[in-house]
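Worksheet: the structure to be examined is printed underneath.
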Amino acid sequence: MKKAFLLGAGLGTRLRPMTNTAPKPLVPVFHRPLATHALDHLAAAGIEEVAINTHHLHKEWERAFPKGRYQALKLHFFHEKDLLETGGGIKNIESFIAGDPILVYNGDILTNIRIDELIASHTASENTATLAARTDGPGQHLAVRGSQIIDIRNMLEVSEGSHQFTGIYCINPEVLELIPANEKVSIIPAFLILAGQGKLGAFDADAGHWLDLGTREAYLETHGIGAPLETGKDLEPIHETARVEVGATITNSWIGPDCEVGRDADITDSILWPGTVVEAGASLTNCIVHSPTPVEGSHSNADL
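Under the UniProt record's numbering, residues 1 to 304 are what the sequence shown spells out, in order.
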């Protein structure tokens, strides 16, 4: 499997106001856009081309990847003037799929689950789609029996859920036949048809970490603020290009590339996006600085 589809068109409403200036998959995580973590993950699994659907602030994708490439990956952007949801988004890239199986990857997650093994499992099976599923997580909507998914949200009235859907899955091109053209539609109805046919596989994705960065709380926790995690532990929280003046105190915070922190500033449990400025004497606790406007004064639990 050499092709993937990264879902990047969402509005990111739960992360506002941060997503007023960047699409959710381009929000910085560990000093670089979240999407680049996904692209690295895909490339390591042997993916060579990635389709990305865009909508909200779509020009930002062009600025982030002006040459249509990320390292060795070739990127193909599909702009959605009106949001098409997951099923409609997949149908919209039919020309990219071109009869090949693809891997679909939600754009708002950070994970290291073994997608190479997911691909191998799907390829070796007779399933039309295979979903990566975990037994932990808040939304256990997938009913799994053996290696098959037999129901979703009990919509087929077969079984209650036992597994969390990770937002990563492999599909064969036959799935396109189950999605109406030119419509805003979820992929779930197609999955339910496949579940009824015994063609919807489940891949055990319990190994590794899986994080949904859809909320402010999750965004902070992913950076080890409030709930330390293994992710990013080998990275330097203060980027080498950041300028921190004498007397400034940085505690359990991430200071991005080209940031400026003034003399005697106090920054605790906070994240500074690339290029942001905190003035001398400012005090921040549990804040996210994303605006180019220099920050002055004292702030707590604020998005600035």
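Built from N, CA and C at the ideal position, the CB exists for glycine as well. What you are looking at is a predicted structure, and each value in this text was computed from that prediction instead of being measured.
In this structure, the alpha-carbon of Leu142 lies about 4 Å from that of Gly161. Val27 and Ile171 have their C-alpha atoms roughly 27 Å apart. Around Ala72, the same chain offers Ala43 as residues with beta carbons nearer than 7 Å, after the five sequence neighbours per side are excluded. When DSSP reads this structure, Asn53 sits in a beta bridge with Leu7 and Phe78. The criterion of a C-beta distance shorter than 8 Å is satisfied by Ala133 and His163. For Val158, same chain residues with a beta-carbon under 6 Å away, outside a window of 5 residues either side, are Ile150 and Asp151 in chain order.
Pro33 has its alpha-carbon roughly 19 Å from the corresponding atom of Leu304.
Check the Cα spacing between Thr19 and each of His239, His56 and Phe77: the tightest is with His56.
Within the region 107-181, complete alpha helix (DSSP H) segments of at least 4 residues are found at 115-124, given in chain order. Counting C-beta atoms within 10 angstroms of its own C-beta, His209 has fewer than 16 neighbours from the protein chains shown and is therefore classed as exposed. The criterion of a C-beta distance shorter than 8 Å is not satisfied by Glu94 and Leu178.
Trp61 sits in a helix when the DSSP states are folded into three classes. Each of Glu245, Ser300 and Leu220 was checked against the Cα of Ile271, and the nearest Cα belongs to Leu220. Between Tyr169 and Ala129 the beta-carbon gap is near 6 Å, inside 8 Å, which marks them as a contact. By the CB criterion at 8 Å, Asn92 and Leu7 fall outside the cutoff.
Annotated as proximal: His31 and Gly256, with beta-carbon spacing under 8 Å. Two segments are said to touch when three or more pairs of C-beta atoms, one from each, lie closer than 8 Å; by this definition the region 244-261 touches the region 274-293. As a beta-bridge residue in DSSP terms, Thr249 pairs with Asp266. His41 is a Cβ neighbour of Asn112, given a cutoff of 8 Å.
Here Ser253 is not near Asp264, since their CB atoms are 8 Å or more apart.
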